[in-house]
Amino acid sequence: MVDFARVQKELQECNRDFQVSGIKVTPKGEANLAHLLGTIPGPIGTPYEGGTFKIDITLPDGYPFEPPKMKFATKVWHPNISSQSGAICLDILKDQWSPALTLKTALLSIQALLSAPEPDDPQDAVVAQQYLRDYQTFLGTARYWTEAFAMISSLGVEEKVQKLVEMGFPEDLVRTTLENVGGDENLALEKLCST
Amino acid sequence: MEDDYYFSGGSEEEDDYYPSDREAESLDGLENEESDAKWATSKAPSSKVITKESLLAAQREDLRRVMELLSVREHHARTLLIHYRWDVEKLIAVYVEKGKSCMFSEAGVSVIELVDLDPPEPSSTVVCNICMDDVPAKDVTKMDCGHCFCNNCWTEHFIVKINEGQSKRIRCMAHKCNAICDEGIIRKLVSVRHPDLAEKFDRFLLESYIEDNKMVKWCPSIPHCGNAIRVENDEFCEVECSCGVQFCFSCLSEAHSPCSCLMWELWTKKCRDESETVNWITVHTKPCPKCHKPVEKNGGCNLVSCICGQAFCWLCGGATGRDHTWSHIANHSCGRYKEDGEKKAERAKRDLYRYMHYHNRYKAHTDSFKQESRLRETIKEKVSHLEARDSKLRDFSWITNGLCRLFRSRRALSYSYPFAFYMFGEDLFKDEMTKKESEIKQHLFEDQQQQLESNVEKLSKFLEEPFDEYSEEQIMQIRMQVINLSVITDNLCKKMYECIENDLLGSLQYTIHIIAPYQSKGIAKAEELTWTAQANSNNKCQKISDQSTGDLIEMGKASASGTSDESSQLSRKRPRKGSSTGSSMFDLNLPAEVHQPNT
Chain A
1 MVDFARVQKE
11 LQECNRDFQV
21 SGIKVTPKGE
31 ANLAHLLGTI
41 PGPIGTPYEG
51 GTFKIDITLP
61 DGYPFEPPKM
71 KFATKVWHPN
81 ISSQSGAICL
91 DILKDQWSPA
101 LTLKTALLSI
111 QALLSAPEPD
121 DPQDAVVAQQ
131 YLRDYQTFLG
141 TARYWTEAFA
151 MISSLGVEEK
161 VQKLVEMGFP
171 EDLVRTTLEN
181 VGGDENLALE
191 KLCST
Chain B
1 MEDDYYFSGG
11 SEEEDDYYPS
21 DREAESLDGL
31 ENEESDAKWA
41 TSKAPSSKVI
51 TKESLLAAQR
61 EDLRRVMELL
71 SVREHHARTL
81 LIHYRWDVEK
91 LIAVYVEKGK
101 SCMFSEAGVS
111 VIELVDLDPP
121 EPSSTVVCNI
131 CMDDVPAKDV
141 TKMDCGHCFC
151 NNCWTEHFIV
161 KINEGQSKRI
171 RCMAHKCNAI
181 CDEGIIRKLV
191 SVRHPDLAEK
201 FDRFLLESYI
211 EDNKMVKWCP
221 SIPHCGNAIR
231 VENDEFCEVE
241 CSCGVQFCFS
251 CLSEAHSPCS
261 CLMWELWTKK
271 CRDESETVNW
281 ITVHTKPCPK
291 CHKPVEKNGG
301 CNLVSCICGQ
311 AFCWLCGGAT
321 GRDHTWSHIA
331 NHSCGRYKED
341 GEKKAERAKR
351 DLYRYMHYHN
361 RYKAHTDSFK
371 QESRLRETIK
381 EKVSHLEARD
391 SKLRDFSWIT
401 NGLCRLFRSR
411 RALSYSYPFA
421 FYMFGEDLFK
431 DEMTKKESEI
441 KQHLFEDQQQ
451 QLESNVEKLS
461 KFLEEPFDEY
471 SEEQIMQIRM
481 QVINLSVITD
491 NLCKKMYECI
501 ENDLLGSLQY
511 TIHIIAPYQS
521 KGIAKAEELT
531 WTAQANSNNK
541 CQKISDQSTG
551 DLIEMGKASA
561 SGTSDESSQL
571 SRKRPRKGSS
581 TGSSMFDLNL
591 PAEVHQPNT
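Taken in sequence, the protein lines are chains A and B.
Under full-length UniProt numbering, the first sequence has 154 at position 154, and the numbering climbs by one with no breaks.
Under full-length UniProt numbering, the second sequence has 201 at position 201, and the numbering climbs by one with no breaks.
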C-alpha cells in the first residue's frame, strides 16, 4: 500500500517552496494520491527554457520503497526521453532509487537531465544520433518542440475553444476536455483525437 | 600389428609394459586396476557433493578464512565474499593491492567505529527521513554506515528487496549509500512481520555460495536432487553427483570429453536440428513447380510428375507438358549450364555425407555402449557361475575391471567422433589451419582413433564370450587377453587425449577449447562433505563469532598471510547498542536444517 501520509507531506513541502524551485506536484484526481501530475520549468540556458513540462506520475504500491513511475506528458525532444511515449531514462527512477529520495528530488533530477543530456545512454536513438552528429539541428528541433508543446499558450480560453472547434470537434466536448487537462490546448487536442 | 602389445608374463606384464622412467605412473595404473573392483574412489576426489544439509558447513571454511584474515564479523565476511563471488584468492589479492578500506567500501562493508556523541534518550522521538514521521527513539535502527531510519521503514525496504530477489546485496536506504545492510538486523526485523520471508532471505544468502561461486554448481539432474557440486581446482572436469548423474562441470550437459563444450553444444544442436533433413531434401528432391511439395525421383526418365498432376523436368525443375521421349521433353530444353546451383547441391551433398559418416560412428558407439551396459548383468551372472565352480581360480576382478575399461574406452571413442567432425571440419578452425595441416593432423588422429577402436572391439568380443563354460586353461587365456587389452585401451585413450590436448587443440592460436582431462578411472564420484568433521569446525566458528561479536578486533598490521595469531592483533572494545542484534547473528551457525523448512 502506498504510504499516503508521506505523499501528503511530500506534496505540502514541495508546493511550499514552489516559488523557489518552480516545481509543483498536484494530485490528478480528487480522491486518489497514486496518480499525480508534476510540473517542471525548462532549465534556463537550454532549448527547453521558458517551457513548462508536465510529468505524469504513478505511485506503485510499494512507494516509497519502490521508485515512482514517471513519464513526460508534454512532448519533448531529448536524447534520454522518448519522443513518442515520454518514457524517461534515468537511473534513480530504476535501480538507483532510494526510499530517501522524494518526488521533488526525482523531479529535480529530471530537470537536471534536461540541462545535461547523456546521448551515450539514450532512450530515443534518433534524437541521440542527431544530438551527436548535428548539434545545431538538435537545438533547433528541441527549441521548436518546446515552443510548440511546452509553452503555455497566450491564447485565452475562448480562443482555444474556437481553434479546436474549427478543427471539427463539438464545442461541448472541447470545453470539458480543455477543463480536464487544465487548459492545455495540445493535451486537449491529443485527448480529442484519441477518443 | 597389435601383437606387439601382447606379453607373455602373467602378473608383471604391466610393469614390463611401462618403461622404467614411468614406473611411478605404472604403479599408479596398477593400483587403479586393482581398486577398480570397487571402482569408486581410491584417491581423494577433487570434487565434493554439497547437500542442503551441508551447504552451511561448505562455506564455513571460506567465511572463517576471511574472518580471521580481516578480523571482521561473520556478516561482513559474507558480504565481502558475495561481492568477490566466493573467490578467496581474489579477495586476498584485492586486499593486498588496494588495502582494506578501499576493498571494504567497494564491497559495501562499513566497519567504521561510530561514536555516538549524543545518543538519543530512549523516551525522546526522532524524525524518520523515509516516512517523515516522528518515531520513538527505541523504534529506530542505525546501520553500520551510520544511517538511521525507523524499523517500519527498514522492514518495508527489506521486504521489497527480498521479493525483488536482491537478498544478497540489500543496500542502505540512504541515497547513494553503498553500504550493505547487516544480515542480522534484516533477519530480525523481517521475521517479526514475515517469518517465511526471513527464511527465504536466509536461503538466498546461503545459496549465494552456489549461485555466485564459479567453483560450485547445482547438479543438473532432473528432477533436481537438491545437491550442488564443488570442484577443488579445475573447473574443466567431469563429475558424478551422489545422485548418480554424471556431467561436464563446465557446461552442465552430459559428460562429453574429448569434445570441447562448444563442439558438444554444436553437435547436439546439429543432431537435434532438422537442418540435415533439409539438406537431404535439397540433395535428393526438387520442389514441384505447382504445389511446391518436394518430389523425389524414383527412377525413369527426367520427366517427373508430382502427385498433384504437374509434370516437370527433373534437370531444371521447370514445368513441362507430358509429351516426351527418353531423351527429350516436347517443347522443353534446359541444357544451359548453371554453375551456381550445381555447386550448391554438390556442397550440400558433401557436407551431408561427411556429417553422416561421423554421426553414424558416433551413434554406433553410443548404441554399443548402451548394449554393453546390459552386459554388466550377464557378466555378474558369469562371475557367480565361475565362483560356484570348484577351481583354483579365485580372483575374478579382471572381469569387472575389463568391463569398466570397456565402458570408459567406449565412451571416449564415441565422443571422439563429434570431436573429429569439428576439429577437421570447416565450421570452427578454418582460419587456424591450412587444408594441408588439417589433413596431416586428421591422419595422425585417425590412426590413434582406429587403433583404439579395434582394441575396444576386441575387448568387447572377449568379454562377451561365454567363458563361464570354458575350461580353466581357456579362462586363463581370456584373462590374459582381457588384462592386456584393458591396459592397451587405457593407454590408447590416454594417448588420444594427449594428441588432442597437445597436437590438435594445443596448437590453436585464436580459439580456446579446453577439454576435461582423461580420467583413467572414469568420472570421479564427488565425495560427500563429511558432516561430523564439520561439526567441530562449526564449534570453532561459534567461538570465533562469539568473540568477534563482543569485540571488534582490528589488526595492528595488515597481515596478508592470513594467520590468525591473536597476539598480533589489537583488541579494541566496541560498544554495542543492545545485544539483540548480536544474538540473531548466530542464526547461521545453527545447523542448516533450521533454515530449511522442507527438511
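Glycine included, every Cβ here is placed at the ideal spot set by N, Cα and C.
Nothing here was measured: the structure is a model prediction, and the numbers come from that model.
query, result
"Can you tell me whether B/Leu262 sits near the ligand FMN, meaning its C-beta is under 7 Å from at least one heavy atom of the ligand?", "The ligand FMN is not among the ligands present in this structure, which contains no ligands whatsoever."
"Listing by chain order, which chain B residues have their CB less than 7 Å from the CB of A/Leu101?", "His175"
"How long is the line joining the alpha carbons of A/Thr176 and A/Leu36, rounded to whole angstroms?", "20 Å"
"Out of B/Lys441, B/Val66 and B/His75, point me to the one whose CA is closest to B/Tyr95's CA.", "B/Val66"
"How about B/Leu508 and B/Ile515: do their beta carbons lie closer than 8 Å?", "no"
"Check A/Trp77 in the structure and name its three-state DSSP category.", "coil"
"Of all the options A/Trp77, A/Lys75, A/Ser194 and A/Gln111, which has the alpha carbon lying nearest to the alpha carbon of A/Leu90?", "A/Gln111"
"Between B/Asp490, B/Arg187 and B/Asp202, which lies nearest to B/Leu452 when the distance is taken from Cα to Cα?", "B/Asp490"
"Does any CB atom of chain B fall closer than 8 Å to the CB of A/Phe65?", "yes"
"Mind checking whether B/Leu428 and B/Leu206 have CB atoms under 8 Å apart?", "no"
"Rounded to a whole number of angstroms, what is the C-alpha to C-alpha distance between B/Glu527 and B/His256?", "21 Å"
"Taking 6 Å as the limit between beta carbons, can you name the residues of its chain near B/Asn538, skipping five residues before and five after?", "Summary for B/Asn538: the model assigns pLDDT 43, below 50, so the residue's position carries little reliability; its value from the coordinates is reported in the next sentence. Answer for B/Asn538: no residue qualifies."
"Leaving out five residues on either side along the sequence, give the residues of the same chain with a beta carbon under 8 Å from the beta carbon of B/Val190.", "Thr155, Phe158, Ile159, Ile162, Leu197, Ala198 and Phe201"
"Distance check for A/His78 and A/Pro67, CA to CA, integer angstroms please.", "22 Å"
"For B/Asn129, go through chain A and note every residue whose CB falls closer than 7 Å to its CB, in chain order.", "Ala100"
"Pairs of beta-carbons, one from the segment 132-145 of chain A and one from the segment 39-54 of chain A, closer than 8 Å: are there three or more?", "yes"
"How many Å lie between B/Cys288 and B/Glu437 at the Cα?", "44 Å"
"CB-CB under 7 Å to B/Tyr362, same chain, minus the five flanking residues each way: which ones, in chain order?", "Ser414, Tyr417 and Pro418"
"Which residues in chain A sit within 7 Å of B/Val160, going by Cβ to Cβ distance?", "Gly62, Phe65 and Glu66"
"Helix, strand or coil: how does DSSP classify B/Ser305 here?", "strand"
"Consult DSSP for A/Phe53 and reduce its assignment to one of helix, strand or coil.", "strand"
"Rank A/Gly86, A/Gln123 and A/Asp17 by C-alpha distance to the C-alpha of A/Ile55 and give the top, closest one.", "A/Gly86"
"Go ahead and pull the three-state DSSP assignment for A/Gly22.", "coil"
"How long is the line joining the alpha carbons of B/Phe312 and B/Ile512, rounded to whole angstroms?", "51 Å"
"Which residues in the same chain have their Cβ closer than 6 Å to the Cβ of A/Asp17, if we skip the five residues on either side of it in sequence?", "none"
"I'd like to know if B/Glu156 contacts chain A, where contact means its C-beta is closer than 8 Å to some C-beta of that chain.", "yes"
"Between the Cα of B/Lys260 and the Cα atoms of B/Lys138, B/Ile130 and B/Ala412, which residue gives the shortest distance?", "Note that residue 260 of chain B corresponds to Ser in the displayed sequence, not to Lys. Taking only the C-alpha atoms, the option nearest B/Ser260 is B/Ala412."
"Strictly under 8 Å for the Cβ-Cβ distance: is A/Arg6 near chain B by that measure?", "yes"
"Would you mind listing the beta strand (DSSP E) stretches within the segment 468-538 of chain B that are 3+ residues and don't spill past its ends, in chain order?", "none"
"Along the beta strand (DSSP E) that carries A/Lys70, what are the first and last residues, could you check?", "Note that residue 70 of chain A is Met in the sequence shown, not Lys. That run of the beta strand (DSSP E) goes Lys69 to Phe72."
"Let me know the beta strand (DSSP E) ranges lying completely inside the segment 57-128 of chain B, each 3 residues or longer, listed in chain order.", "125-127"
"Which same chain residues, not among the five before or five after B/Leu252, have their C-beta less than 6 Å away from its C-beta?", "Pro220"
"Compute the distance between the beta-carbons of B/Ser460 and B/Asn401, then report whether it is under 8 Å.", "no"
"For the alpha helix (DSSP H) holding B/Thr155, just list the boundary residues, first then last.", "Asn151 to Asn163"
"So what does B/Pro287 bridge to, in DSSP terms?", "B/Pro294"
"Measuring alpha carbon to alpha carbon, tell me which of A/Glu185, A/Asn15, A/Leu107 and A/Glu10 ends up nearest A/Ala148.", "A/Glu185"
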